[in-house]
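Chains as they are written, first to last, in UniProt numbering: chain A, 1 to 221; chain B, 1 to 221.
2 protein chains.
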Amino acid sequence: MVPRIPVSVDLVVLTVREQRLSALVWRRDQPPHAGRWALSGGFIQLDEDLPAAAARVLAERAGLRGAPVHLEQLQTYGYPDRDPRQRVVSVAYLGLAPDLPAPSEAHMSWQGVNSLTSMAFDHRRILLDGVERARSKLEYTSLGAAFCPPEFTVAELRRVYEIVWNTPLDPRNFHRKVTGAEGFLVPTGRTTTRDGGRPARLYRRGGAELLHPPMLRPGRA
Amino acid sequence: MVPRIPVSVDLVVLTVREQRLSALVWRRDQPPHAGRWALSGGFIQLDEDLPAAAARVLAERAGLRGAPVHLEQLQTYGYPDRDPRQRVVSVAYLGLAPDLPAPSEAHMSWQGVNSLTSMAFDHRRILLDGVERARSKLEYTSLGAAFCPPEFTVAELRRVYEIVWNTPLDPRNFHRKVTGAEGFLVPTGRTTTRDGGRPARLYRRGGAELLHPPMLRPGRA
DNA sequence: TGAATAGTGTCTTTCAGACAATATCGG
DNA sequence: CCGATATTGTCTGAAAGACACTATTCA
Chain A
1 MVPRIPVSVD LVVLTVREQR LSALVWRRDQ PPHAGRWALS GGFIQLDEDL
51 PAAAARVLAE RAGLRGAPVH LEQLQTYGYP DRDPRQRVVS VAYLGLAPDL
101 PAPSEAHMSW QGVNSLTSMA FDHRRILLDG VERARSKLEY TSLGAAFCPP
151 EFTVAELRRV YEIVWNTPLD PRNFHRKVTG AEGFLVPTGR TTTRDGGRPA
201 RLYRRGGAEL LHPPMLRPGR A
Chain B
1 MVPRIPVSVD LVVLTVREQR LSALVWRRDQ PPHAGRWALS GGFIQLDEDL
51 PAAAARVLAE RAGLRGAPVH LEQLQTYGYP DRDPRQRVVS VAYLGLAPDL
101 PAPSEAHMSW QGVNSLTSMA FDHRRILLDG VERARSKLEY TSLGAAFCPP
151 EFTVAELRRV YEIVWNTPLD PRNFHRKVTG AEGFLVPTGR TTTRDGGRPA
201 RLYRRGGAEL LHPPMLRPGR A
């Protein structure tokens, strides 16, 4: 009577490393789509909440147990032939991670999103939807800091924006905007010279989730 | 091995009528939650795409066959005990409709969202998520016109914004903003006096999806 | 003519964009 | 001191907020 369908969770985990926006993927060695890159995913269990399933996949399949990854639901993909073996409905989650040590799962790797042109199933579409979500969230939330280590400089945060948006930003205007935004950055009182030059103040993420007014991407008039 | 789960589509269909933001609901007469308001929904069929299932539910269950309703995926709800009878994963869709004639399904009705305090299952949460999505989309897209008839005046569009946002807007500044936005409104050349006073120009929706720069809700500093 | 609503214009403030100038480190 | 990067400041233009004024209908 009521069709029952396997429901999976697929993760678009993004990070900024080596001057590239990169996604956590693995290379399939079995058909279908053997040899193509795939997002990590897994079927949800009968007694498992969706966010719990996403966290479990992140830990068990993606190899990022305990890592400070911001996870949010992205979108659900369900057209009937997206997996040729059987119908699967996939709830995609977007994860934003700082530049982490290599994942504990040996088959996982970080790949620049621009190089991921050939992916299994509809994972390319899901990945691009996740990238666009991340790009737009940087405009009106403080989630850019999710790509940074616990303590970071304004310049490091700016480089995150520049790489995710793929556009240069004026360092002085960016500094004014993020330090002026209520609750975005909390100064730690410490400084670092890891980027050379004059010591830069270190900040932690503030409590504010929203950036108001937003910082719009340049060149979209 | 792989758990199979019934997947449903639930619709948050919103409209602006009688000076209220209203949702399309029906009153349950069977347990569980007998007597409470519920969103219209239905299980997806094995060969059915998710948008197709949403359109089918809109036509068959909600009684809005052929109506000009903007449908977009909202979010997926899947915690295990959201339906006490069996586990169901629900993909919620948000629908934005103009003030339509009464739905053909007799048991459906429009209810102001503020009066829907007691709903079945987690439908109150889903409804509120849909309302918030609609509120924020009015900021940066031209979707406000989805609440209007095919031809409408600037004042009618403004009243949509005022009711959805529940805040008064300055008529002159609003007029400047929406008529100045590239591709938002297309003048038809005709006018109407249905609101009294000086004849107002009639517009149709333009092709632009995005409103740039966005029109932010007042009072969220 | 007057009430009602539509539409235009003006002033002010906020804020982004462009860019000069100063500050503070390592070497 | 010099090169590098951080931080502050200044000027300008775009656009929002507040509000005066004119335009065009119907009764």
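Even glycine gets a Cβ: it sits at the ideal position worked out from N, Cα and C.
Reference residue i, options the options, closest by Cα
i: R205(B); options: P68(B), S40(B), G95(B); result: P68(B)
i: E105(A); options: P199(A), L24(A), V7(A); result: L24(A)
i: P199(A); options: S8(A), W37(A), E156(A), I5(A); result: E156(A)
i: R27(B); options: S109(B), P149(B), G207(B), V13(B); result: S109(B)
i: L127(A); options: L11(A), P6(A), R4(A), I5(A); result: L11(A)
i: W37(B); options: V13(B), R158(B), R124(B); result: R124(B)
i: T153(B); options: D129(B), F184(B), Y140(B), Y77(B); result: F184(B)
i: P84(B); options: G63(A), D47(A), Q86(A); result: D47(A)
i: A208(B); options: G180(B), D195(B), G196(B); result: G180(B)
i: L211(A); options: S142(A), L96(A), V7(A), T193(A); result: S142(A)
i: P150(A); options: D129(A), Y161(A), D99(A), V131(A); result: D99(A)
i: V131(A); options: W165(A), T117(A), Y79(A), H107(A); result: W165(A)
i: G41(A); options: N114(A), E182(A), D122(A), G219(A); result: D122(A)
i: H107(A); options: P218(A), R194(A), L39(A), Y161(A); result: L39(A)
i: V160(B); options: L116(B), A97(B), R194(B); result: A97(B)
i: F43(A); options: Y140(A), V9(A), R158(A); result: V9(A)
i: A62(B); options: P80(B), P31(B), P101(B); result: P101(B)
i: E182(B); options: R194(B), R158(B), Y140(B); result: Y140(B)
Distance between residue j and residue i (C-alpha atoms, nearest Å)
i: V16(A); j: L138(A); result: 13 Å
i: A145(B); j: G66(B); result: 18 Å
i: G112(A); j: F147(A); result: 15 Å
i: E60(A); j: A52(A); result: 12 Å
i: Y93(B); j: V89(A); result: 15 Å
i: H33(A); j: A120(A); result: 5 Å
i: D170(A); j: P213(A); result: 18 Å
i: A221(A); j: R4(B); result: 46 Å
i: D29(A); j: G35(A); result: 6 Å
i: R176(A); j: S118(A); result: 40 Å
i: P218(B); j: L14(B); result: 22 Å
i: N173(A); j: M215(A); result: 11 Å
i: P103(A); j: V2(A); result: 40 Å
i: A54(A); j: L64(A); result: 11 Å
i: T167(B); j: L58(B); result: 30 Å
i: G95(A); j: D49(A); result: 17 Å
i: P6(B); j: T192(A); result: 54 Å
i: R135(B); j: I163(A); result: 30 Å
i: S115(B); j: Q45(A); result: 36 Å
i: V178(A); j: R82(B); result: 40 Å
i: G197(A); j: D129(A); result: 38 Å
i: G78(A); j: V91(A); result: 9 Å
i: R87(B); j: P31(A); result: 31 Å
N-terminal and C-terminal residue of the beta strand (DSSP E) that residue i is part of
i: I44(B); result: Per DSSP, I44(B) belongs to no beta strand (DSSP E) and is neither H nor E.
i: L24(A); result: 20–27
i: M108(B); result: 108–112
i: T191(B); result: 185–192
i: G202(A); result: Rather than Gly, the amino acid found at residue 202(A) in this sequence is Leu. 200–205 is the span of the beta strand (DSSP E), which, as asked, contains L202(A).
i: W4(B); result: At residue 4(B) the sequence reads Arg, which differs from the Trp that was named. From DSSP, the beta strand (DSSP E) with R4(B) extends over 4–17.
i: S90(B); result: 89–96
i: L71(A); result: 70–77
For residue i, the first and last residue of its enclosing alpha helix (DSSP H)
i: R176(B); result: 171–180
i: S136(A); result: 123–140
i: A155(B); result: 154–165
heavy atom of the ligand GTP below 6 Å from residue i C-beta
i: W37(B); result: You won't find the ligand GTP in this model; it holds no ligand whatsoever.
query = So, do the segment 68–77 of chain B and the segment 16–29 of chain B have three or more beta carbon pairs nearer to each other than 8 Å?
reply = Too few Cβ pairs lie closer than 8 Å, so no.
Contact list for the segment 194–220 of chain B against chain A, Cβ threshold 9 Å = Listed by position, the residues of the segment 194–220 of chain B near chain A (Cβ gap below 9 Å) are L210, H212, P213, P214, L216, R220.
request  = For the segment 180–191 of chain A and the segment 201–219 of chain A, state whether three or more C-beta atom pairs, one from each stretch, are separated by less than 8 Å.
outcome  = With three or more CB-CB distances shorter than 8 Å, the segment 180–191 of chain A counts as touching the segment 201–219 of chain A.
key: Residues of the segment 68–82 of chain B with Cβ closer than 7 Å to any Cβ of chain A, in chain order   = Going along the segment 68–82 of chain B in chain order, one finds Q73, Q75, T76, G78, Y79, P80 with a Cβ nearer than 7 Å to chain A.
query = In chain order, what residues of the segment 46–62 of chain A put their CB closer than 9 Å to some CB of chain B?
reply = The residues in question are L46, D47, E48, D49, L50, P51, A52, A53.
query = the segment 17–50 of chain B: which residues have C-beta closer than 9 Å to a C-beta of chain A, in chain order?
reply = If the cut-off is 9 Å between Cβ atoms, the segment 17–50 of chain B has F43, I44, Q45, L46, D47, E48, D49, L50 near chain A.
task = Quick one: which residues of the segment 4–18 of chain A get their C-beta closer than 7 Å to a C-beta of chain B? List them in chain order.
result = Against chain B - using a Cβ distance shorter than 7 Å - the residues of the segment 4–18 of chain A are R4, I5, P6, V7.
key: Residues within the segment 152–167 of chain B neighbouring chain A, beta-carbon criterion of under 7 Å   = For the segment 152–167 of chain B, the set of positions with a beta-carbon nearer than 7 Å to some beta-carbon of chain A is empty.
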